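Beneath this line is the structure, given in structure tokens, with notes to follow.
Residue numbers (my numbering): 424 to 703.
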């Protein structure tokens, strides 16, 4: 978490001196007579995330932009200051998350790091093109003159052979047969029916296997998103018609297979990744 993303409460807690020990949040909540179900009904934060906040298991929480709000709502629900919790969470994020700014810079430099086009090719390429064009034109006109004589001879022979008048009488029977040919359109109708019976689009299949405890936020097609924490060794299989939108709280903690193909390594441990499958 960068300094500009720190909340005022967390910043004040860090500046006040050595970081205090995280209090027993579960005990404080029970002393107030509040249950996790009460907090869920008030804040809509599910019990899995509430338990992770209470136990200090910050690696199971979603992206910082969501978690900071969850911590503030939780602290307000049990009547304590959120600063100490945010300070501990911020220290966890600073120790585990690294902003990959250098990676984008390296890619930008590599994109423009190209060797200059050799000068001699500016002259060689046009010269080769001119020679090739001249050769093609020569071959074209040379071949065009030779068939001219053959065409005249053939034409002359055809004129002599077509002179007899009985020839049209011989051609009349095939014309009657040709007129009957269009009477067979039924095969075309059969082809159209077969095309109409083609099945619809195959549904999109998504398989997520957890190698570590990982928080996920998933939206299927245009349905509302939902959140879940996959424990190590658990699997989640989902289907959609158009697309998936996925937020992964621990990029190194899951293996994702989409349409039977693995997406490979998504990133480092603790890194948050946003995916849209299939890609636009």
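Where a beta carbon is used, it is the ideal one built from N, C-alpha and C, also for glycine. Given the structure is predicted, the values throughout are model-derived calculations rather than measurements.
query                                                                                                    : result
Residue burial classification, residue 581 (beta-carbon count within 10 angstroms, cutoff 16)            : Confidence at residue 581 is low in this model, with a pLDDT of 43, below 50, so the placement of that residue should be treated as unreliable; the coordinate-derived value is given next. Classification of residue 581: exposed, given that the 10 Å Cβ count is below 16.
Contact under 9 Å by Cβ, residue 631 with residue 653                                                    : yes
Assumed close pair residue 448, residue 477 - CB separation to whole angstroms, cut-off 8 Å              : 4 Å
Bounding residues of the alpha helix (DSSP H) (the contiguous stretch that carries residue 412)          : Outside the displayed range of the chain (424 to 703) lies residue 412, so it cannot be described from this structure.
Coil, strand or helix - residue 666 by DSSP                                                              : coil
Cα-Cα separation between residue 458 and residue 498, rounded to whole angstroms                         : 13 Å
Residue 646 - containing beta strand (DSSP E), residue span                                              : Element bounds for residue 646: n/a, residue is neither H nor E.
Touching by the beta-carbon criterion (3+ pairs, under 8 Å), the segment 669-680 and the segment 637-657 : yes
Alpha-carbon spacing of residue 494 relative to residue 505, whole angstroms                             : 7 Å
Start and end residues, beta strand (DSSP E) containing residue 681                                      : 677-681
Close beta carbons around residue 596, own chain, < 7 Å, minus the five adjacent residues each side      : In this prediction, residue 596 scores a pLDDT of 48, lower than 50, which makes its location untrustworthy; no coordinate-derived value is stated.
Residue of 688, 636, 695 minimising C-alpha distance to residue 655                                      : 636
Whole-angstrom distance between residue 501 and residue 659, CA atom to CA atom                          : 33 Å
Contact check, residue 695 vs residue 634, beta carbons under 9 Å                                        : no
Rounded Cβ spacing between residue 673 and residue 482 (contact assumed at less than 8 Å)                : 7 Å
Alpha-carbon spacing of residue 701 relative to residue 484, whole angstroms                             : 26 Å
Same chain, Cβ closer than 8 Å to residue 626, five either side skipped, listed in chain order           : 662, 663, 664
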